[in-house]
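To keep things clear, I will list the structure first and then write my remarks on it.
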Amino acid sequence: MANEEIDIIQRIFETRLQQADLDRILTALSESERGELIDKIGNLLRRISALIDVSNKVSDSLSLNVLLPRLMDIISEALNSDRSTLFLYDSEPKELFSRIAQGETTGEIRFPSTAGIAGSIFSAGEGEIINDAYADSRFNQEIDRKTGYRTKNILCAPIKNKGKAIGVTQVLNKNLGDFNEEDMALLEALTSQAASALENAQLYERVEKSAKEEAQLLEVTSAIASELKLDALLGRIIHVTTDMLEAERSTLFMYDRKTNELWSRVAEGLEVKEIRFPSFAGIAGSCFSTGEVINIPDAYADERFNPEVDKKTGFRTRSILCMPVSNKEGQKLGVVQVLNKKGGPFAFNDERRLRAFTAQAAVALENAQLFEDVLNERNYNESILKSLSNGVVSLSAELNLIKANSAALRLFGWQEEEITDKPVSELLPEEENAWILESLNKVRESGEVDIAVDTEVKVTSGDLASINLTVVPLIGIDGDSIGNMLIIEDITSEKRVKSTMARYMTKEVVDKLMEAGEDALGGSDQVATVLFSDIRSFTTISEELGARDTVTMLNDYFTEMIEVIFAHGGILDKYIGDAIMALFGTPFPGPNDASDAVQVAIEMLRVLRHLNEKRVKEGKQIIRIGIGISSGGLIAGNIGSLKRMDYTVIGDTVNTASRLEGATKYYGVPLLWSEPTTQQLDNSFQARQVDLIRVKGKHLPIGVYEGLDHHTPDTFPNMKETLEAFHAGLLDYRKGNWDTAIKYFESALRANSDDGPSKLFLERCHHYLAAPPPDDWGGVWSLTEK
């Protein structure tokens, strides 16, 4: 009977069934069978009508606010249910959301995409029929208690577009009986029909919202960028933040480095009151200290919130969004705190918008703070601040010192409170400085400016400084002399720079730099080689030695290592605690930079061996180090702040060298270098490839090589046999021939039981025997740590 009914229905809709045929079939059926057939035809018509309805009603709108209610009405009617809800997936916060009418506006419901029945169905990607909602542990009965609604049964199915889940539909309380598989099939058909339109509407809404937000952000950042008065800027930022996030109020707390406090200014009548508290106190302090965004949907449920503030002000705090304000260098300037978003707690989108705005506001804040600082300094002593690079000393007509700026104080080593009103002859009493007094007397007699170029003056410390001196007469309004001014240009900087740089590089490189000028230290793309070395277990050693012996050990060690670096044309970039970073090929490239770096590493290990022999004889602990080398492109130049800059290099080559230095511990060897370094070497160095690795932060694998020239027969016994067995094992390892590889690595260890790479690969082979790697493994090992 079922097959005949299906055939009848199919022929009806294909318009091939004649009236006589239909009459004959209906006559042959009993009354109950005719009713059943008519019901099935009616249900099918109703479902087809629903599908057509969905197709019609999703094609004329790109608004989710329009589409979601339409679809929910169609689904509820088609499935003869009490109500339905359609949730879409928002990938940024990883939440499911829906829209509901709230008076004349549309509200939004959001929850994690794994929460409740809807989240479970979305995550699993398979629909479910739940005939008793209260018997399901995933169902939140609290919602029913709050709304007064009684949920009995649930039909829930994911919304899929091209096989990918983009949301979930939840249908509640079928009017007659329970939901069945036909209902599930209909729901899946309806949502599948609408899926593409829903995804397009969601994308359209996202693009439209992003455009509006960008326009708004551009408008508000333009408005604050022109404000240089700090108090006015603070007020404007607070006003914009409150409006932009649709909140009730906002506060911007600035950081005072001198007192380690957060402060803000608030208006009280005609006065402006300043609020201050420790930079670690409360929610704002926690946000500033950790640098993390704090989003609290219920303030009174958070133990960091102080309800006493609400009691004093009469304001009721519900939700809080707190975000650090940082400049482009990552330096925290303060914290912005926003209270009580209208319509519910702050969402992920609010965090994103506030983060974008605070990034722009930070620039304006720094400009305003700088302007305020400069203005204050200028008001304090405008005449002295007209020259910041040269020393300026003003003298009375009697040649007593009236004022000296900071540059002059620094140069001569004077203390301001000790020199005011003192005769200049007492401040510069040495014979080497007599020429300054002669110049002053000459100017007093002639009334003309006197200039002395590239001369020396003896300062308080006893050192000699090279200066250019200009002695200027000070003439009053009436034309009489009221004193003199000394303008001092310190020209010892070139000598100091040369002396300082000699501690980091050879004399030849220093001479080249001085000849090339500042351009040689400017930012440039270069190909160079970077060497990192680090003392193993330094913390343990320092704890055992104590502070004094640790410093002595480091000085002895660094002295030996730096001599090796300089002997091969390397540059000491910096000390990093017990580590050394050296450069080869910058600022001036050489023909053998990679070879020089490798030779330095070999010599460092040889010198260290002799140093350790001496330390053992003296009863001292031996020093072990790891060295990593990498070659390639990097950016070199003076990097830092306006107050202090260092010549250094940055880029992937630097990071790789650092990672390889750390990897020496993993492979149990003292020296590793990268494939690009190997490509720049000649064949005079002995090395073996120990692995193909993917270092942390990189996607493409690189070959890693162990340098062997520093070894002796004692430090690496049976080297030839060990290397042959290791190489053969490595080939089988990369082919996945674990059993054969194990035999080779065991053979290598019989030749040299301390060979770190052989131990490591033997462990890997046993591991892969139990848990084989994926087919696209390719023999690459990923390092997850430095």
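As numbered in our numbering, residues 1 to 786 make up the sequence shown, in order.
All C-beta atoms in this analysis are idealised placements derived from N, C-alpha and C, irrespective of residue type, glycine included.
Can you tell me which residues form a DSSP beta bridge with residue i?
{"i": "methionine 787", "result": "Since the first and last residues shown for the chain are 1 and 786, residue 787 lies out of range."}
{"i": "glycine 633", "result": "Val527"}
{"i": "serine 98", "result": "Ile109"}
{"i": "tyrosine 705", "result": "Trp673, Gln689"}
{"i": "phenylalanine 761", "result": "Answer by DSSP bridge pairing: none, since phenylalanine 761 is not bridged."}
{"i": "alanine 404", "result": "Val393"}
{"i": "phenylalanine 277", "result": "Leu262"}
{"i": "valine 207", "result": "According to DSSP, which records beta bridges pairwise, valine 207 is partnered with nothing at all."}
{"i": "glycine 628", "result": "Phe532, Leu672"}
Got a sec? Which residues, its chain only, sit under 8 Å from residue i by beta carbon, not counting five neighbours each side?
{"i": "leucine 270", "result": "For leucine 270, the pLDDT reaches just 47, beneath the cut-off of 50, and the residue's location in the model is therefore unreliable, although a value from the coordinates is still provided. Hits under 8 Å: none found."}
{"i": "threonine 500", "result": "Any reading at threonine 500 needs caution, since the residue's pLDDT is 48, under 50, leaving its predicted position unreliable; the model's value is listed next. Correct list: empty, nothing qualifies."}
{"i": "lysine 665", "result": "Arg536, Gly626"}
{"i": "valine 293", "result": "Cys287, Leu321, Cys322, Met323, Pro324, Glu351, Arg355"}
{"i": "aspartate 596", "result": "Thr529, His568, Gly569, Gly570, Phe584, Gly590"}
{"i": "aspartate 178", "result": "Ile129, Asn131, Asn153"}
{"i": "leucine 605", "result": "Ile625, Ile627, Pro670, Leu671, His710"}
{"i": "leucine 245", "result": "Leu321, Val338, Lys341, Phe346, Asp350, Arg353, Leu354"}
{"i": "phenylalanine 538", "result": "Gly577, Asp578"}
Starting from residue i and walking both ways along the alpha helix (DSSP H), at which residues does that stretch end?
{"i": "aspartate 450", "result": "Run containing aspartate 450: none in the alpha helix (DSSP H); it sits in the beta strand (DSSP E), 450-458."}
{"i": "arginine 70", "result": "64-78"}
{"i": "lysine 617", "result": "593-617"}
{"i": "tryptophan 738", "result": "738-751"}
{"i": "tyrosine 575", "result": "Note, tyrosine 575: premise wrong, no alpha helix (DSSP H); beta strand (DSSP E) at 571-576."}
Excluding five sequence neighbours on each side, which residues of the same chain lie with their C-beta closer than 6 Å to the C-beta of residue i?
{"i": "serine 123", "result": "Thr114"}
{"i": "phenylalanine 253", "result": "Leu262, Ser264, Ala284, Gly334, Val335"}
{"i": "serine 396", "result": "Ile402, Gly483"}
{"i": "glutamate 518", "result": "Summary for glutamate 518: the model assigns pLDDT 49, below 50, so the residue's position carries little reliability; its value from the coordinates is reported in the next sentence. Contacts found: none."}
{"i": "phenylalanine 13", "result": "Unreliable placement is indicated for phenylalanine 13, whose pLDDT of 45 sits below 50; the coordinate value is still reported in the next sentence. Closer than 6 Å at Cβ, skipping near neighbours: no residue."}
{"i": "valine 669", "result": "Glu706, Gly756"}
Between residue i and residue j, which are expected to be in contact by the criterion C-beta below 8 Å, what is the C-beta distance as a whole number of angstroms?
{"i": "phenylalanine 346", "j": "asparagine 295", "result": "5 Å"}
{"i": "leucine 88", "j": "glutamine 202", "result": "6 Å"}
{"i": "alanine 528", "j": "proline 589", "result": "7 Å"}
{"i": "glycine 127", "j": "methionine 184", "result": "5 Å"}
{"i": "valine 704", "j": "aspartate 691", "result": "5 Å"}
{"i": "glutamate 199", "j": "isoleucine 166", "result": "5 Å"}
{"i": "phenylalanine 288", "j": "tyrosine 255", "result": "7 Å"}
{"i": "isoleucine 487", "j": "serine 481", "result": "That belief does not hold up - the Cβ atoms of isoleucine 487 and serine 481 are roughly 17 Å apart, past 8 Å."}
{"i": "phenylalanine 726", "j": "serine 753", "result": "Rounded, the Cβ-Cβ distance is 13 Å, inconsistent with contact."}
{"i": "alanine 663", "j": "leucine 762", "result": "Actually they do not touch by this definition, with Cβ atoms about 18 Å apart."}
{"i": "glutamine 141", "j": "tyrosine 134", "result": "6 Å"}
Leaving out five residues before and five after residue i in sequence, what residues of the same chain have Cβ atoms less than 7 Å from its Cβ?
{"i": "methionine 72", "result": "Ser84, Thr85, Leu86"}
{"i": "asparagine 433", "result": "Val457, Lys458"}
{"i": "proline 297", "result": "Ser319, Pro345"}
{"i": "alanine 579", "result": "Phe532, Ser533, Asp534"}
{"i": "phenylalanine 412", "result": "Val459, Thr460"}
{"i": "asparagine 327", "result": "Leu333, Ala362, Glu366"}
{"i": "serine 196", "result": "Asn161"}
{"i": "isoleucine 635", "result": "Gly523, Asp525, Val649, Ile650, Gly651"}
{"i": "serine 855", "result": "As displayed, the chain neither begins before 1 nor continues past 786, which places residue 855 out of reach and without an answer."}
{"i": "phenylalanine 315", "result": "none"}
{"i": "serine 63", "result": "Ala201"}
{"i": "serine 811", "result": "Residue 811 is absent from the model: the chain starts at 1 and stops at 786."}
On the DSSP letters alone, give me the boundaries of the beta strand (DSSP E) that residue i sits inside.
{"i": "leucine 321", "result": "320-326"}
{"i": "proline 158", "result": "154-161"}
{"i": "tyrosine 89", "result": "81-90"}
{"i": "phenylalanine 584", "result": "579-584"}
{"i": "alanine 465", "result": "464-475"}
{"i": "glutamate 724", "result": "Careful: glutamate 724 lies outside any beta strand (DSSP E), inside the alpha helix (DSSP H) at 719-735."}
{"i": "asparagine 484", "result": "481-490"}
{"i": "asparagine 173", "result": "164-174"}
{"i": "glutamate 426", "result": "From DSSP, glutamate 426 is part of no beta strand (DSSP E) but of the alpha helix (DSSP H) over 424-427."}
{"i": "aspartate 421", "result": "Premise fails: aspartate 421 is in no beta strand (DSSP E) and is neither H nor E."}
{"i": "serine 137", "result": "Premise fails: serine 137 is in no beta strand (DSSP E) and is neither H nor E."}
{"i": "leucine 787", "result": "The shown model of the chain, from 1 to 786, leaves out residue 787, and the question about it has no answer."}
{"i": "leucine 339", "result": "332-341"}
TODO: Could you tell me whether the region 460-478 touches the region 436-451, using the rule of 3 or more Cβ pairs below 8 Å?
DONE: yes
Task: Any 3 or more C-beta pairs closer than 8 Å across the region 283-297 and the region 320-328 - done: yes
- [ ] Determine, using beta-carbon pairs with one atom in the region 561-569 and one in the region 678-695, whether at least three such pairs fall under 8 Å.
- [x] no
Open item on the list: With three or more C-beta pairs closer than 8 Å as the rule, is the region 774-783 touching the region 742-749?
Closed with: no
TODO: Determine, using beta-carbon pairs with one atom in the region 626-637 and one in the region 647-654, whether at least three such pairs fall under 8 Å.
DONE: yes
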